[in-house]
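A.B. asks:
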Amino acid sequence: MKDLVAGTIILIVLFGLLSRIVVERDYKIKEIQVEDIVYTYTQVASKKGMLTTSMYKEMSKKLGVMGAFYINIKAEKFFKDSEIPLEIEGEKTIVGVDLRNEGFDILTITAIAKSNHVLNVFYNTNRVIYKLNGRASAPVF
Amino acid sequence: MRLFIWISVLMLGINILLYGDMAINNLETAKIKYKRALDSATYAAAKYRAYASEEYMENISDGFSENILVNKEEALEWFYRVFFRNINMEDDQLMMTEMKKYIILKSVIGYDKMYIAGKDDIWVEINYEIEYNGKKYRFTLSDKLYDIEQGTWKHTRDIGLDDETRLELVTKHIKDNINNILNLREYEKNKGYYYVDFGVVDTDVNSEIKGINFVAFVEGMPIPAFSKKGESKFYAVSFAGAEISRN
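Sequences listed follow chains F and Z, in order.
Under numbering that gives the first Met the number 0, the residue at position 46 of the first sequence is numbered 45, and the numbers go up by one with no gaps.
Under numbering that gives the first Met the number 0, the residue at position 34 of the second sequence is numbered 33, and the numbers go up by one with no gaps.
#1: Less than 8 Å between CB atoms is the rule here; does ILE31(Z) satisfy it with respect to chain F?
#2: Roughly how many whole angstroms lie between the Cα atoms of THR170(Z) and ASN126(Z)?
#3: Within a Cβ cutoff of 8 Å, which residues of the same chain sit near LYS61(F), ignoring the five residues on either side of it in sequence?
#4: What do you reckon, are the CB atoms on LYS130(F) and THR107(F) nearer than 8 Å?
#5: Cα separation between ARG262(Z) and PRO138(F)?
#6: Can you pull the chain F residues whose beta carbon is under 7 Å from the beta carbon of TYR42(Z), in chain order?
#7: Give the DSSP-derived three-state secondary structure of SER106(Z) in the structure shown.
#8: Compile a chain-ordered list of the residues in the region 10-37 of chain F whose CB is closer than 8 Å to at least one CB of chain Z.
#9: At a CB-CB cut-off below 8 Å, which residues of chain Z make contact with ARG126(F)?
#10: Report yes if the C-beta distance between ILE31(Z) and GLU75(F) is below 8 Å; otherwise report no.
#11: In this structure, does DSSP put SER114(F) in helix, strand or coil?
#12: With 7 Å as the limit, tell me which residues of the region 81-114 of chain F have their beta carbon closer than that to any beta carbon of chain Z; keep them in chain order.
#13: By the DSSP assignment, the alpha helix (DSSP H) with ILE28(F) in it spans what residues?
#14: Got a sec: is the Cβ-Cβ distance from ALA135(F) to anything in chain Z below 8 Å?
#15: In or out: ILE211(Z) buried (at least 16 other Cβ within 10 Å) or exposed?
#16: Check whether the Cβ of ALA5(F) lies closer than 8 Å to any Cβ atom in chain Z.
#17: How would you write the range of the beta strand (DSSP E) that ALA116(Z) sits in, first residue to last?
#18: If you drop the 5 nearest sequence neighbours on each side, which residues of the same chain put their C-beta closer than 6 Å to that of ALA235(Z)?
#19: So, is ARG80(Z) buried or exposed, given that buried needs 16 or more other C-beta atoms within 10 angstroms?
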């Protein structure tokens, strides 16, 4: 009986441990993938001077495989005498617009997962919330 | 029961290892993030759009079309803008000030001199003064050099110096200056030794300094290493540069 109890406890703990390893790996892999996708498309768009509709769709599709994301796009134009830039934001305002010719300086793409990752179950702390996100900024000039 | 104890000990060990692994994972992620932020930021510093000010228009019409005007303050401004946006800190003044302490080197490698700034953003000017065959010359990034003793400009072929050796000498001089500044950190908590290499004797032509560059080195915010005393820290060190050219 003692052995059965001990064995059951071991199995439960081992299962918990294995689950944690699997969830952690999942988070690590997805975290890098989301970063990679956002970085790549920001770089391509910045070199081109604009984020085209096809690029945006392709990026959204790739991110969609990883989960549901809020995608925020922002372009900024700076002026000599002010640290406050002129900002335009949102898919409708930016996608397909020739940012370089419009005089914009920096393009920023941010993708934030709509929900927290399962990893939070294992690391139940208020200090860090595990949520997939990616952010990249690049000059469009 | 003994089996239970042993397995418990084993699992506890695995747990500790996993926590350590998280720290290393954080370090790897931070490294990638800093590297990408640096790449974009140095590119912005090198290719920034100069504000069409009166002063700028005067400067570009001075007739020295071969010489590229570099405004180091403006380049640095663009560098910070793009860097902080990439690491999501642009709206947090306190964090930006803190982070700047870990960007321990910024340098503009110019045509006839280089400028280096530490974490305090104070620029130091350094000439390419190099000794060759017992004589001191002020080198440039082209084949022209200044004979300090005679006070005249010469070509490297006039002193019997081939192009390959010239590039090696200048690149080594630049590299040594950067490494010296990087390691002037005796009062810092992080005593790690850094060594930046451009591949002076490399066959890879892209690794030599041939044009005007903006380079930067970042240590990154220290990441706790989960050590016993909690004093050890990881640094996600990264280095990047971009060539400056104006069209």
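Idealized CB from N, CA, C, for every residue including glycine.
Remember, it's a predicted structure, so these values are computed and weren't measured experimentally.
C.D. replies: To lay it out plainly:
#1: yes
#2: 13 Å
#3: ILE36
#4: no
#5: A question about residue 262(Z) goes unanswered here, because the residues of chain Z that appear run from 0 up to 246.
#6: PRO138
#7: strand
#8: VAL12, LEU13, LEU16, ARG19, ILE20, GLU23, LYS27, GLU30, ILE31, GLU34
#9: Those within 8 Å of ARG126(F) in chain Z number zero; the least Cβ separation is about 12 Å.
#10: Their beta carbons are not under 8 Å apart, which means ILE31(Z) does not touch GLU75(F) by this criterion.
#11: coil
#12: ASP104, ILE105, THR107
#13: First-last of the alpha helix (DSSP H) with ILE28(F): 1-47.
#14: yes
#15: buried
#16: yes
#17: 112-116
#18: LEU26, ALA29, LYS30, TYR33, GLY219
#19: Buried, since its Cβ has 16 or more Cβ neighbours within 10 Å.
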